[in-house]
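Input: a single structure, listed below in structure tokens.
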Amino acid sequence: MPHLFISPYAKLLAVEFWKENMPTDDIKRILHINFSISLIYQWVKLFENTGCVVRNPDEYEPRGTNFKIPDNIQDKLREYLEENPTAYLDELQEWLYEQHEILVCISTIDNTL
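Here the working numbering is used: the first residue of the sequence shown is 1404, the next is one more, and so on.
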């Protein structure tokens, strides 16, 4: 199921309805939201532990890959770019793979430079 924004108020209502033993399908229908049973378990557990249905964003686990081009390769990449100042990002991506067997997204290269 894709990650869609569900308002904290809807989460709180879902938890309250769940605690009143309302069936999950009824909760979804009343609130006009779709969620998995495991998600409501998470909201209930969080509510019981903290009194809130949302976590502190500082405690979120990072999503996606968090790949960083190694520092020594970054230096070589900058040297390559000095020698080839008109190189496009996709060419840099290809060079990284061919020369150093590093496969990264173009956005990673762009963010690194």
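Even for Gly, the Cβ is constructed at its ideal location relative to N, Cα and C. Please read all numbers here as calculations on a predicted model, not as lab measurements.
So for residue i, helix, strand or coil by DSSP?
| i | result |
| --- | --- |
| residue 1436 | coil |
| residue 1404 | Summary for residue 1404: the model assigns pLDDT 48, below 50, so the residue's position carries little reliability; its value from the coordinates is reported in the next sentence. Residue 1404 falls in the coil class under three-state DSSP. |
| residue 1409 | coil |
| residue 1516 | coil |
| residue 1422 | helix |
| residue 1456 | coil |
| residue 1450 | helix |
| residue 1511 | helix |
| residue 1489 | coil |
| residue 1506 | coil |
Residue i and residue j look like a contact to me (Cβ under 8 Å); what is the Cβ gap, rounded to whole Å?
| i | j | result |
| --- | --- | --- |
| residue 1499 | residue 1480 | 7 Å |
What does a CB cutoff of less than 8 Å around residue i pick up in its chain, not counting 5 residues either side in sequence?
| i | result |
| --- | --- |
| residue 1422 | 1447 |
| residue 1522 | Given a span of 1404 to 1516 for the chain in the structure shown, any question on residue 1522 remains unanswerable. |
Using 7 Å as the threshold, is the C-beta distance between residue i and residue j below it?
| i | j | result |
| --- | --- | --- |
| residue 1424 | residue 1431 | no |
| residue 1409 | residue 1427 | no |
| residue 1522 | residue 1470 | Within the shown structure, residues of the chain are numbered from 1404 to 1516, placing residue 1522 beyond reach of any answer. |
Once you ignore the five residues that flank residue i on each side, which residues in its own chain have a CB closer than 6 Å to its CB?
| i | result |
| --- | --- |
| residue 1495 | 1512 |
| residue 1476 | 1503 |
| residue 1506 | 1500 |
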